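Residue numbers (the numbering used here): 4 to 271.
Idealized CB from N, CA, C, for every residue including glycine.
These numbers were taken from a predicted model, which means no experiment stands behind them.
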Amino acid sequence: MIAWLPAYLALGAFTGFFAGLLGIGGGVVMVPLLVMLFTAQGLSPGEVMHLALGSSMATILFTAISSVRAHHAHGAVIWRIVGHITPGILLGTLIGTRIASLVPTRTLATIFTVFICYVSVQMLRNSKPKPHREMPGALGTSAVGMGIGALSCLVAIGGGVLSVPFMTWCNVEVRRAMGTSAAIGFPIALGGALGYVWNGWGVPGLPPGSLGFVYLPAVLAMVVGSVFTAPLGARQTHRMPIATLKKVFATILLALAAKMLWSLFSAP
Numbered sequence: 004m005i006a007w008l009p010a011y012l013a014l015g016a017f018t019g020f021f022a023g024l025l026g027i028g029g030g031v032v033m034v035p036l037l038v039m040l041f042t043a044q045g046l047s048p049g050e051v052m053h054l055a056l057g058s059s060m061a062t063i064l065f066t067a068i069s070s071v072r073a074h075h076a077h078g079a080v081i082w083r084i085v086g087h088i089t090p091g092i093l094l095g096t097l098i099g100t101r102i103a104s105l106v107p108t109r110t111l112a113t114i115f116t117v118f119i120c121y122v123s124v125q126m127l128r129n130s131k132p133k134p135h136r137e138m139p140g141a142l143g144t145s146a147v148g149m150g151i152g153a154l155s156c157l158v159a160i161g162g163g164v165l166s167v168p169f170m171t172w173c174n175v176e177v178r179r180a181m182g183t184s185a186a187i188g189f190p191i192a193l194g195g196a197l198g199y200v201w202n203g204w205g206v207p208g209l210p211p212g213s214l215g216f217v218y219l220p221a222v223l224a225m226v227v228g229s230v231f232t233a234p235l236g237a238r239q240t241h242r243m244p245i246a247t248l249k250k251v252f253a254t255i256l257l258a259l260a261a262k263m264l265w266s267l268f269s270a271p
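Shown next as structure tokens:
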């Protein structure tokens with residue numbers, strides 16, 4: 004395990020920066036790379052996707068805290084929206100983690116890849132939905148949060164790729180949407196991590212150091228790497244245009260998703 008720590012540290016640092024920069028949880032990068040690392044490490048092939056999803060959600064929990072502090076310092080977090088959406092988020096994460104625990108690894112990987120392709124295309128196009136309405140009330144926002152929470156846990160994201168477009172569509176300025184999304188990532192990660200621990204509890208074949216579907220050695224190393232770089236990314240959000248970075252990021256995502264699928268489906 005010690006030999007893999009530098010790889011997990013580097014992964015945490017890389018994803019932490021982009022999590023802070025784009026207001027996303029970082030799971031879209033962590034999951035495919037974790038699948039590859041877990042497979043190379045010789046972990047149970049039937050559970051590598053579940054372990055990658057659970058470990059990613061647990062790491063996002065700490066990344067969200069780190070990045071939201073930086074966004075809050077810039078006045079970019081709308082806490083009223085966070086308060087309205089959180090109840091639905093928590094309910095949705097319970098639903099999403101339960102569904103994920105019942106779906107086979109290869110099916111889950113295919114769902115994840117389809118989602119990654121959609122996100123990547125939106126980033127490559129630099130899509131900016133035209134805002135033409137206000138945020139719904141507390142009940143409506145919570146209902147939207149339930150959908151975001153469920154899908155976020157199925158594909159291990161902090162919710163930013165869903166919540167940022169939703170908020171900008173509802174006339175929230177894009178940088179404030181990214182800051183608020185970083186805060187929304189915390190309840191998503193909390194509910195998701197607890198759900199993966201619960202649904203993976205007692206599953207046979209998990210490696211030593213696992214807490215349900217959360218592989219603690221990898222999580223601890225990624226947290227150390229990410230908590231330092233997430234604030235750096237969050238600060239860059241308020242200093243530079245990010246359209247080019249989004250395109251580079253999207254290209255990386257597509258390559259990682261393709262490699263993850265190849266690794267899983269080429270295995271016997």
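From the options, pick the residue whose C-alpha is nearest to that of residue i; which is it?
{"i": "Ser58", "options": "Val80, Val32, His75", "result": "Val32"}
{"i": "Ile88", "options": "Cys120, Ser47, Thr62, Leu165", "result": "Leu165"}
{"i": "Phe21", "options": "Ser229, Leu257, Ala260", "result": "Ser229"}
{"i": "Val71", "options": "Gly198, Phe268, Met181", "result": "Met181"}
{"i": "Gly150", "options": "Leu94, Ile63, Leu257", "result": "Leu94"}
{"i": "Cys173", "options": "Met138, Ile63, Leu111", "result": "Met138"}
{"i": "Pro127", "options": "Arg179, Phe268, Ala261, Leu257", "result": "At residue 127 the sequence reads Leu, which differs from the Pro that was named. For the residues Arg179, Phe268, Ala261, Leu257, the minimum Cα distance to Leu127 belongs to Leu257."}
{"i": "Ala76", "options": "Thr232, Arg179, Ala112, Thr100", "result": "Arg179"}
{"i": "Gly86", "options": "Gly140, Gly215, Ala260", "result": "Gly140"}
{"i": "Pro90", "options": "Pro107, Val38, Gly148", "result": "Gly148"}
{"i": "Gln239", "options": "Ala67, Met39, His74", "result": "His74"}
{"i": "Ile68", "options": "Val227, Arg242, Trp265", "result": "Val227"}
{"i": "Ala6", "options": "Arg242, Leu24, Lys250, Ala221", "result": "Ala221"}
{"i": "Met170", "options": "Ala79, Pro107, Val38", "result": "Ala79"}
{"i": "Trp265", "options": "Ala112, Ser213, Ile102, Pro207", "result": "Ala112"}
{"i": "Lys250", "options": "Pro107, Ile63, Cys120", "result": "Cys120"}
Using a 10 Å radius around the Cβ and a threshold of 16 neighbouring Cβ atoms, would you call residue i buried or exposed?
{"i": "Pro234", "result": "buried"}
{"i": "Phe65", "result": "buried"}
{"i": "Glu50", "result": "buried"}
{"i": "Tyr218", "result": "buried"}
{"i": "Val124", "result": "exposed"}
{"i": "Arg83", "result": "exposed"}
{"i": "Ala260", "result": "buried"}
{"i": "Gly23", "result": "buried"}
Determine the contact status of residue i and residue j, defining contact as a CB-CB distance below 8 Å.
{"i": "Leu97", "j": "Gly194", "result": "yes"}
{"i": "Ile187", "j": "Ile81", "result": "no"}
{"i": "Pro36", "j": "Ala224", "result": "Looking at the sequence provided, one finds Leu at residue 36 rather than Pro. No, they are not a contact pair."}
{"i": "Ala61", "j": "Ala196", "result": "yes"}
{"i": "Ala253", "j": "Ala185", "result": "no"}
{"i": "Phe12", "j": "Val34", "result": "Rather than Phe, the amino acid found at residue 12 in this sequence is Leu. No, Cβ-Cβ distance for Leu12 and Val34 is not below 8 Å."}
{"i": "Gly19", "j": "Thr183", "result": "no"}
{"i": "Gly198", "j": "Thr110", "result": "no"}
{"i": "Ser47", "j": "Leu209", "result": "yes"}
{"i": "His53", "j": "Phe268", "result": "no"}
If you follow the alpha helix (DSSP H) that residue i is part of, which residue opens it and which one closes it?
{"i": "Trp82", "result": "82-105"}
{"i": "Val206", "result": "Run containing Val206: none; DSSP gives neither H nor E here."}
{"i": "His74", "result": "51-76"}
Between the stretch 140-158 and the stretch 185-194, can you find at least three pairs of beta-carbon atoms closer than 8 Å? Touching, yes, given that three or more Cβ pairs across the two stretches are closer than 8 Å.
The stretch 194-208 touching the stretch 108-120, judged by at least three CB pairs closer than 8 Å: The way I'd put it, the stretch 194-208 doesn't touch the stretch 108-120; fewer than three beta-carbon pairs between them come closer than 8 Å.
Taking 8 Å as the cut-off, does the stretch 140-149 touch the stretch 33-44 (at least 3 CB pairs, one atom from each stretch)? A contact is defined here as three or more CB-CB pairs under 8 Å, and the stretch 33-44 fails this definition with respect to the stretch 140-149.
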